[in-house]
Structures are given as C-alpha cells and as structure tokens.
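Protein chains in written order, with this note's numbering: chain A, -10 to 128; chain B, 95 to 480.
Where is the CB? At the ideal position from N, CA and C, for every residue including glycine.
This is the structure:
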C-alpha cells in the first residue's frame, strides 16, 4: 500500500495492491523450530502447487494442501491434503511432519495481467492475429 | 422478461421464515462450484490455478445435491471453472430444478450453443453469461480473440429457445463507464432478462494483485455508470446492492449469505477468500470466526471488497429487516433512473487507471489513428487510450 493511503480508511482507498506472492517453487524450508514449521506450512497452504510432506515415520505424501487447522500445539494442528493420485482427503498432524518441499509447479506463477499484456503486444507487434491464452493441457 | 414473481416470492418468504425463526445468519445463495477447470485462461483469475490432478476432479451430482440440501438456500449459483465442461452438468441442473431451486448457471458460453440441447427451459434455470464489456474489452479481459462473439451467439440462441439469460460482468481498475453503459444497452437489445455487476476484488489467491478497485474508486465508477440509467436497462440484482456500489448506502459484510461448496468442502469464510474448509455446512456456520472478516473487521484481506458474495445478501437483509429498507427497495424498483448531474459530468472525464497496464486503455492498438479505430467499430475506446 502506498504511503499516502496509509492513514485512510478502507472506504477512502483508490486501489488496493493486494497480497505479495513470493516465488517459493522448489523451496525446501528448514523446520528446526515450531515457528519455522508453522510459517512454512502456512506458506504451503497458500501455495498454488503440490508439495511433498515427509512424515516422521519416513512415509511421504505428494499433493495439494487445501486446508490447515491451527491448534495450540503441533499435535492439535493439522494440514489437509488431496494426494496427487487420489481424491481422498488426508489429514496430517503438524507433529508428524519431518520435512516439507514445494515440489510441484506454482500454477499461479507468471499468470499476472502484466504478463498477458506484455505477451499480447509482443505478438501483435510480430503481426500475429487471434492472440489468446490457452488453458494448459491436463497431463 | 424480468425476474419471475414466483422467484421473488420464494426468496421473500424464505427470508421472512428465517427471521421468524430468529436466525441471524442464514444462506441466501449457494455458490456451488462443481469443478475448477475452465476452457478459458483469463490472466489473473484466482479460481483455476490448481495442479492438474485437482483440475481433473469434479463433484458428483450426488455431492451437489447433498450440499444443496444441507445448505437449504433457495437459490444456487453454479460457477467454476466452466460448469458446461462437467460431463454430468445436465443431470445436476435437472436435480436442482426437481428440488425447485432457482439456478444461475454461470458460463462463459463458449459451449452454450453446443450443449443447450441438454437443458429444458424452466423458470428455475437461468444461464448467467460472463461478458466483461464490449467486444474488444471482453476479448482482452478473457484473453481470447473471438470470445465475445461466441458468448453473444450463445446468448442469442439461448434467448431464442426460451431460456432465461442474464449477463454477469466484473469491472476492474480503469473500466470505462461510457463503454460499460453502451454495453448495457447492447445486452438489453439481445433480449437478456437482466444484468449482474460486481467490482473486481484482490483476494489473495488471485495471481494478479494490481488491478483491483479500491472502495472510493468503485463507488465513483458505479455512480458514473449507474446514474442517469436508460429506461430499458434491467439489473438482476438487489437494487439496494447497486445503491451500495454507487456509494448511496453502507452495509456490513454477510459472507454466510452466499456460502461456497466445492471439491475441498465448505469454503471459509466466503466465495473469494480461502481461509480453510469445513466438512459440513453446520461446521462452516458454527466454526467460522465471522467477526474476523468483512471490511468493517479491519481485516486487510477484506479492505477493498464490495463484491456481491459479501454484500448482496446484506442488501437483501436490509429489504426485509425494516420498513425503511423495504420502502427503499420498492422505491428503487419503480424509480430506476437515478438522475444525477454530477455523475453525468463524471462520464466526460478521461479514465485514469492507477496502474499502467490496464485492459481498457491498452486494448486499442496505439499505432491506429482514431479514424482507423472508428472504422474497426471501436469509437468509444479512443478517449480511454493511454
């Protein structure tokens, strides 16, 4: 949010810039402390790609985190995942998580309005007609 | 054709029944998202950015019916993704019609003409076609050359075959009110029942975070657009919600008014924010900390929201919660012009989007002369070019 708008109420806002998204595809966060674990899992909940969670028993799940439930302790907190290979919803307690990797592609990356406008004018300048964006093929 | 009296009666009696039962929070429209995949790839859309294994999934008709019965709302909006991509969409619609739910099937209409034979005209079924403005604006907005023509053809055929059809339009920073007003007339000429509008909103899952109207700007835009209305314009929305968008009213958010159900469950707290999921509608209503949401809560994620999914139910509540609200609704229903000289002057002002890359100012080819642009049929875009 720009400086002049800082003291205004929501009703005075001209434009809201929204949430800043960081590129975290491929990131393998350190989970040494409870704070690091909670922070990483909150980022994983916001992430628009698959993650891989390794449990303390050595098993792992790759899938999309669609929900997280915060409790007072790690044993009372959990993420909920749709695995890559099923529609089953799996609940994994924070206390069972040994490692986390942002292993899947960030599906939102590069899909901004600016990216489209830039592409549009580049193609137009190259003489292309019927300029469009195609939905990705679902592999 | 306007909204059928039976629909108005159903909604009114439902709301009054909730009040008689002393329910402070109740759903008005279920937002049922049977799938996330889409045949458009609109830049900035936050609804379709999922891994392929999620996009390939869809709700079964039984899951849809269970959600509808759990929720109990009299109206069901079916957005997505593109619902016409669902292989059992006709079965879902048929089941909802059998349950006497008023359905708004939100579609980009690319497949509407091809799939229309799957449906029967009914007072319960409305195709709500996504059109974001005049041809060039819409095509640019949905990132598809020719998208407008396909949508219009879908509307034309659906109207011709006796279906209820409305449009739904989302407006972002830099929208040209003159162009949008011309668009309203074009849509009414096509024979649609009415039009629906909403300002864009920077919910944090959207990959684009820079083109959303702040509340002050939203009010100016909607005041300019919706004052001094043409007599034939019909809006398929609460008139008090439109007055809210024009800055004539203020409402708190009622996110429970339009709850969302999709592959993940019941979405907390609303159609656009994704702050987790509940497994049942009851859990959604009981476990969501509603006071943490809405502009009035101070939650920065809600700062610029004036979207229908948060505020239209608030306006409907206002209609039925007091004589004042009821009288205002009656007045707004029969006195639709909203004469406003200052708003008419606002239409003469050039559009000044905050951000440089704006669809409505960038869309015209800057190398074209005004004469050439007019020959192409886009005279209204000239003033708004950067």
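Chain-ordered neighbours of residue i on chain A, where CB pairs are closer than 7 angstroms
i                      : result
residue 212 of chain B : Per Cβ cutoff of 7 angstroms: no residues; residue 212 of chain B is ~22 angstroms from chain A at best.
residue 145 of chain B : 38, 39, 53, 93, 96
residue 148 of chain B : 53, 71
residue 205 of chain B : Within chain A, no residue comes near residue 205 of chain B; the closest Cβ sits about 13 angstroms away, beyond 7 angstroms.
residue 315 of chain B : Correct list: empty, because the minimum Cβ distance to chain A is about 11 angstroms.
Buried or exposed by the 16-neighbour rule on C-beta atoms within 10 Å, applied to residue i
i                      : result
residue 208 of chain B : exposed
residue 395 of chain B : buried
residue 463 of chain B : Residue placement at residue 463 of chain B is flagged as unreliable, the pLDDT there being 40, under the threshold of 50; the coordinate-derived value follows with that caveat. The residue is exposed, with fewer than 16 neighbouring Cβ atoms inside 10 Å.
residue 457 of chain B : A caution first: residue 457 of chain B carries a pLDDT of 40, below 50, which makes its placement in the model unreliable, though a value can still be read off. Buried, since its Cβ has 16 or more Cβ neighbours within 10 Å.
residue 195 of chain B : buried
residue 478 of chain B : Bear in mind that a pLDDT of 23 at residue 478 of chain B, under 50, signals an unreliable position, so the model cannot answer this.
residue 455 of chain B : Reliability fails at residue 455 of chain B, whose pLDDT of 41 lies under 50, so the model's placement of it is uncertain and no value is given.
residue 115 of chain B : exposed
residue 411 of chain B : buried
residue 424 of chain B : exposed
residue 215 of chain B : exposed
residue 221 of chain B : buried
residue 64 of chain A  : exposed
residue 267 of chain B : buried
residue 235 of chain B : buried
Residue i: contacting residues in chain B (beta-carbon distance under 7 angstroms)
i                      : result
residue 76 of chain A  : 151
residue 166 of chain A : This structure cannot settle anything about residue 166 of chain A, because the visible part of chain A is limited to -10 through 128.
residue 104 of chain A : 137
residue 1 of chain A   : 310
Proximity to residue i [Cα-Cα], best of the options
i                      : options                    : result
residue 264 of chain B : B:239, B:232, B:215        : B:232
residue 204 of chain B : B:179, B:211, B:163, B:190 : B:179
residue 485 of chain B : B:142, B:136, B:121        : A question about residue 485 of chain B goes unanswered here, because the residues of chain B that appear run from 95 up to 480.
residue 18 of chain A  : A:116, A:12, A:26          : A:26
residue 177 of chain B : B:163, B:150, B:165, B:167 : B:150
residue 225 of chain B : B:256, B:254, B:260, B:216 : B:260
residue 50 of chain A  : A:81, A:28, A:35           : A:81
residue 272 of chain B : B:320, B:147, B:122        : B:320
residue 440 of chain B : B:248, B:252, B:275        : B:275
residue 86 of chain A  : A:67, A:15, A:34, A:118    : A:67
residue 47 of chain A  : A:94, A:11, A:89           : A:89
residue 129 of chain A : B:429, B:145, B:343        : Since the first residue of chain A shown is -10 and the last is 128, residue 129 of chain A is not available in this structure.
residue 436 of chain B : B:420, B:317, B:336, B:416 : B:317
residue 38 of chain B  : B:190, B:156, B:163        : Any question about residue 38 of chain B goes unanswered here, given that chain B covers just 95 to 480.
residue 121 of chain A : B:136, B:160, B:340        : B:136
residue 125 of chain B : B:361, B:421, B:339, B:388 : B:361
residue 378 of chain B : B:119, B:331, B:423, B:127 : B:119
residue 99 of chain A  : B:290, B:349, B:139, B:416 : B:139
residue 243 of chain B : A:119, A:54, A:75, A:65    : A:119
residue 165 of chain B : B:254, B:364, B:134, B:375 : B:375
residue 408 of chain B : B:444, B:357, B:339        : B:339
residue 269 of chain B : B:101, B:291, B:426        : B:291
residue 246 of chain B : B:420, B:236, B:223, B:238 : B:223
residue 400 of chain B : B:99, B:347, B:254         : B:347
residue 161 of chain B : B:355, B:288, B:257, B:330 : B:355
residue 201 of chain B : B:365, B:228, B:336, B:131 : B:131
residue 167 of chain B : B:351, B:312, B:294        : B:351
9 angstroms Cβ cut-off: residues of chain A touching residue i
i                      : result
residue 131 of chain B : 124, 127
residue 192 of chain B : The contacting residues do not exist; residue 192 of chain B stays about 26 angstroms from chain A at best.
residue 124 of chain B : Within chain A, no residue comes near residue 124 of chain B; the closest Cβ sits about 19 angstroms away, beyond 9 angstroms.
residue 110 of chain B : Correct list: empty, because the minimum Cβ distance to chain A is about 31 angstroms.
Residues that residue i contacts on chain A, provided the C-beta gap is smaller than 8 angstroms
i                      : result
residue 409 of chain B : Result: empty, since nearest Cβ-Cβ is about 17 angstroms, beyond 8 angstroms.
residue 336 of chain B : Going along chain A, no residue has its Cβ under 8 angstroms from residue 336 of chain B, so there is no contact; the nearest lies around 18 angstroms.
residue 265 of chain B : Within 8 angstroms Cβ-Cβ: nothing; residue 265 of chain B doesn't reach chain A, min ~13 angstroms.
Beta-bridge partners of residue i, as assigned by DSSP
i                      : result
residue 536 of chain B : In the structure as shown, chain B begins at 95 and stops at 480. Residue 536 of chain B is therefore absent and cannot be evaluated.
residue 51 of chain A  : A:41
residue 259 of chain B : B:221
residue 88 of chain A  : A:43
residue 67 of chain A  : A:58, A:82
residue 356 of chain B : B:359
residue 368 of chain B : B:363
residue 196 of chain B : B:169
residue 264 of chain B : B:292
residue 123 of chain B : B:169
residue 127 of chain A : The partner list for residue 127 of chain A (beta bridge, DSSP) is empty, contrary to what the question assumes.
residue 346 of chain B : DSSP, once it has assigned bridges, lists no residue as partnering residue 346 of chain B.
residue 152 of chain B : B:129
Within chain B, the residues that residue i reaches when beta carbons sit closer than 8 angstroms
i                     : result
residue 56 of chain A : 358, 359, 370, 371
residue 80 of chain A : Those do not exist, as residue 80 of chain A stays about 11 angstroms from chain B at its closest Cβ, beyond 8 angstroms.
Quiz item: When you check each C-beta in the segment 348 to 365 of chain B against every C-beta of chain A, which residues fall closer than 7 angstroms?
Solution: Of all residues in the segment 348 to 365 of chain B, 358 have a Cβ within less than 7 angstroms of some Cβ in chain A.
Quiz item: What are the residues of the segment 365 to 398 of chain B that lie near chain E, defined by any Cβ-Cβ distance shorter than 7 angstroms?
Solution: The structure shown has no chain E; the protein chains it does contain are A and B.
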